[in-house]
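Chains as they are written, first to last, in this note's numbering: chain A, 7 to 465; chain B, 7 to 465. Notes to accompany the following structure.
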C-alpha cells in the first residue's frame, strides 16, 4: 500500500517530525516477540494527545487507510502487526501518569505508560497496580489484550482493574466509558467491551485503574511434588479452602530443569508450585500455615520459604525469566508459546495431554501455568526458520486449544486473539463470533481499526 | 395494543395454557416495587426451554410486538414494565439448577432460579453464591440488572460472578457467551455486554455462575459513631488497610431510629456501621482485631459483636428489612428509593448533601449504603398518590445523581436504568449513550426487546 498524498500531508501538518516513513522506524513496528510476521506499516506516528489520535483516525478514515495502535510490542499473537498496511499509532509518547487519587485507590494514566513505570510512581503511596503479565507492557496494550498474569488469582485481570476509559472511535469521536465509582449499573458495560477489543473498536487514550494496598507482609515459597496430579490437587484444595493466594504458579519438570540450569537454583527435576501470600503478619502466618498443611497432605516436599524481599525477587525473577531460561534447553531455539485456560478439574488431564503431544512430536516444551485460574502455557522450542517444526508446534497448540474447548475452556487465557487464534474463534464462540463481527461493523464501518484481527472477515 | 391474531395463534399452539390473556395475570405483571407504573402487557407467557423462548421471540419479531422478560418483579426502576405493550415472558418456570461443578466452584442455572433457592441447593457442597441484593430476585434478573448488594465489597457484583450465558437474540438465534474457564482473552466480552443490558439485547436463558467457599468462620458487628464523617473515615481506613471485609454497611441516624423502633434493638440514634468478616478462625480473629483498632481510632463506641448464626441473622435481617423498617417512620407512606455511587473520598459530602436536601424539603429519608463501594441509598418517604411529594422526592433523587456525576460517580450503583434513570443517561455517558443506542439498533433492529428502556429513543 502506498499512502495517499493527501493523508500524508495532513499527518505531516499535524505531527511534523512525529510522522516517520523511514525504514528503520517502520521495521521496528513490524517486530513481534512471537513467530508471527508481517510487512512493516507504511508509516508510523507518535501522537501526544487524544485530540491528535482523533485527528489521525479521522484522516485515515477519510482515506480508508488502516490504523494500528502500538504499545510496547510485547503482544504474542501479532496484535500490533500491520497485516494490511497502514499507519501504526505508537502511543509511547503518551506515557504520563495523569493523577493518583490515593483515597479512592485509583490512578489515571495515559495508554503508553508501562506497568513498571506506574508502580515506580506509586511506591510512596502505599498502593500498587497488581496486574503482572511478566513483560513490562504498556497499560493501554494490557487493557486492549485483557491480559492478566501471575497475580490474577488474587487481584483479577485487566477486566477487573480498569474502571474507566477514554477511547477514540473509528470516526474520530472521543468518548468516555465508566466512572470513578467502584461499581455501576448504568447501561451497557462499554468499558468491558473495549477491554479485550485489541484496538479493533477504538484506540484507548486514557485509563482509570483500580489500585490496591501494598501488602504489609509478603511471603513466598517454592515446593516440589512427585507428580503433576499432586501439584494440581494441592491447588484445587487451596483455592477451595478460601486461602487468599496472591500467586500460585505451576512449573513442570522440564521447566524446573531449565530454571535449575539457568539460575543455579537447587530445584529437583519434578513438578513444582511457586506461591505467594499477601496480608498482615498475622494473616500471612495463618495462611502459610494452612497452605503448608494442605501441600504436605498432597505430597509436597522440600519447602523453600522466601520472606526477605531479596529471596522473593530471586524467586519471581526466575518465574518471569522462564521464557529465556527455557530457551537454554535448546540453544538457538525460539518458542511457540501456547495459552489455554480450562476449568480447574480438567487441568491435570489437559496438562498431561499437552505434555504427551509434545513428547510424541519429539520436541521440548516446558509447561508453566497460572494454575489458580486453570491457565497454562507451553513454550515449544523450535529452530527458527524450520517450517516443519513450527508447523508441528502450531499443530500441538491447536490441539491444546481444541481440547480446552472440549472441556468448556477457552483458547486463550490471557494472550488474546490477534492473528494467531482467529481460526479458532468460530469453534469457541459459534454464532457469538458473528455477533462480535456485527458489533465491529457497526462501530467501524470502514474497517480501518486494526483490520484483520479478532473478528471474522467481512462478507 | 391488540396482539395480531396470527401471533396469538402461534403462541397458543406453542404454549397452550402457558399463554394467558387474563386480566389477573396481566395485572400481576404490571406490578412494580417502586413508584413506576405502566399498563399491563397484552399477554403473558411462561416458557420452559430456551427453544420456546426463541420461538416466542421469533413470533413477536415477525409481528413487530415488544417482548419483555420478567424474573421476580423486584426491580426498582420499572425494568419489567410493558410500557409499550407486548408480551411479557415470565421465566419463573425456568427455575432449575442445571448442575453444580463443585471442584470448579461453578453452577449452571436457569434464569428463573432465585438466589435463595440456589443457596439452599448449595448448602451441602460447602459453596455458596454471594451476590445479595436483599430481595430474593431471580438470577437472570440479577444478571440483567448487573446488581450487587451488601457483599460486593468482598465478592464483587454480578459482573464479576457470571462466567457464561446462554442468550436468545432478537432474531431468535440462541448464542452462548463466555466459557467455564476462570478467565479468558478470547474476543469481545459478550458476557459482560449482556450482563446489565436489562433485557434490551437478548433474553438470558442460562447462566454459569462463579461460586465461593462457605467461610469457615463468620463474625459480624454493629458499632455507633457520633458523626457521618467518623463512620466514613473508618470505612476508608479499613478498605485501604486491606482488611478483606465481607460486608461494611452504613446506617444513618434516621435509619438507626427506624431499626430501633421496628426491631426493638438497642441502637442509639446516631450513624452506625454494620460489618461482617469471613475467613478461618485465625484470620477472622486477626481481621476483627484490626478493624476494632481502626474503628476505635475513628471514634466508634458501643461495639455489638454477633458471632452466633442467630445473632448474625438478626443483624442482617434488620439490614435487609430496612425498607419496611423505614416505612414505619411515616405510617402509610411509600418509598422513593435513590441509588448513587461515588468515589469513596466524596462519600461524606455526598451523603451530607442528600440528607440536607431531604431535610430542606420537609421530608423523611433515611440513608443506608454499601459504603465499601461508595454506594448509598435514600428511601424518601412519600404519601402514595401525593404527586407534589413524589415530584419533590424525584427532584432530590435527580440532584443526588447530578452531584454524583459532578464528582466522577454514577447515577446508579446497582438498581439499573430501566425507565427511571433514562433521562440522566446522556449526562453520565455523553456520546457513549449514543454508542449504546447503536449497539442496540444493530442487535435488535426491530426494537422488540424491552423497548423504551436504557437506550436513547430512535431517530
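Backbone N, C-alpha and C fix where the C-beta goes; we use that ideal spot for every residue, glycine too. Here the structure is a predicted model, which is why all the values come from computation and not from measurement.
For residue j and residue i, the rounded distance between their alpha carbons
i	j	result
residue 204 of chain A	residue 322 of chain A	28 Å
residue 392 of chain B	residue 373 of chain B	22 Å
residue 427 of chain A	residue 447 of chain A	20 Å
residue 334 of chain B	residue 122 of chain B	26 Å
residue 150 of chain B	residue 191 of chain A	10 Å
residue 420 of chain B	residue 341 of chain B	17 Å
residue 168 of chain A	residue 197 of chain A	8 Å
residue 213 of chain B	residue 160 of chain A	24 Å
residue 88 of chain B	residue 116 of chain B	23 Å
residue 211 of chain B	residue 94 of chain B	15 Å
residue 377 of chain A	residue 256 of chain A	6 Å
residue 283 of chain B	residue 77 of chain B	31 Å
residue 17 of chain B	residue 134 of chain A	56 Å
residue 21 of chain B	residue 68 of chain B	17 Å
residue 299 of chain A	residue 247 of chain A	12 Å
Residue i in three-state terms, based on DSSP
i	result
residue 308 of chain A	strand
residue 253 of chain B	strand
residue 240 of chain A	helix
residue 354 of chain B	helix
residue 191 of chain A	coil
residue 429 of chain A	helix
residue 465 of chain A	coil
residue 128 of chain A	helix
residue 81 of chain B	coil
residue 112 of chain A	strand
residue 5 of chain A	With chain A covering 7 to 465 only, the question about residue 5 of chain A has no answer from this structure.
residue 100 of chain A	coil
residue 439 of chain A	helix
residue 52 of chain B	coil
residue 137 of chain A	coil
residue 201 of chain A	coil
residue 330 of chain A	helix
C-beta neighbour in chain B for residue i, strict 7 Å
i	result
residue 203 of chain A	yes
residue 199 of chain A	yes
residue 194 of chain A	yes
residue 110 of chain A	yes
residue 272 of chain A	no
residue 288 of chain A	yes
residue 347 of chain A	yes
residue 38 of chain A	no
residue 350 of chain A	yes
residue 448 of chain A	yes
6 Å CB neighbourhood of residue i in its chain, flanking five on each side removed
i	result
residue 324 of chain A	265 and 269
residue 424 of chain B	83, 84, 85 and 459
residue 275 of chain A	259, 262 and 263
residue 360 of chain B	384 and 406
residue 153 of chain A	139, 164 and 420
Cβ-based neighbour list, residue i, same chain, cut-off 7 Å, excluding 5 preceding and 5 following
i	result
residue 110 of chain B	186
residue 239 of chain A	304
residue 326 of chain A	140
Chain A contact for residue i (CB, 7 Å cutoff)
i	result
residue 189 of chain B	yes
residue 181 of chain B	yes
residue 129 of chain B	no
residue 154 of chain B	yes
residue 444 of chain B	yes
residue 185 of chain B	yes
residue 82 of chain B	no
- Note down, in chain order, all residues in the region 238 to 255 of chain A with a beta-carbon under 9 Å from any beta-carbon belonging to chain B. 242, 245, 246, 247, 248, 249 and 250
- Task: Closer than 8 Å, Cβ to Cβ, to anything on chain A: give me those residues from the region 215 to 232 of chain B, in chain order.
- Result: 218, 219, 221 and 222
- Query: Can you list, in chain order, the residues of the region 358 to 372 of chain A whose Cβ is nearer than 9 Å to any Cβ on chain B?
  - Reply: none
- Query: Name the residues in the region 420 to 442 of chain B whose C-beta lies less than 9 Å from a C-beta of chain A; which are they?
  - Reply: 420, 421, 422, 423, 427, 430, 431, 434, 435, 436, 437, 438, 439, 440, 441 and 442
- Task: Identify each residue in the region 395 to 424 of chain B for which the Cβ-Cβ distance to at least one residue of chain A is less than 9 Å, and report them in chain order.
- Result: 410, 411, 413, 414, 415, 416, 417, 418, 419, 420, 421, 422 and 423
- Contact residues within the region 372 to 387 of chain A, judged by C-beta distance below 7 Å to chain B: 379, 380 and 381
- Message: Give me the subset of the region 290 to 302 of chain A whose CB atoms are less than 9 Å from a CB atom of chain B, sorted by chain position.
- Response: 291, 292, 293, 295 and 296
- Task: Pull out every residue of the region 42 to 65 of chain B whose Cβ sits closer than 9 Å to any Cβ of chain A, in chain order.
- Result: none
- Message: Under 7 Å, CB to CB, which of the residues in the region 130 to 152 of chain A have a partner in chain B?
- Response: 151 and 152
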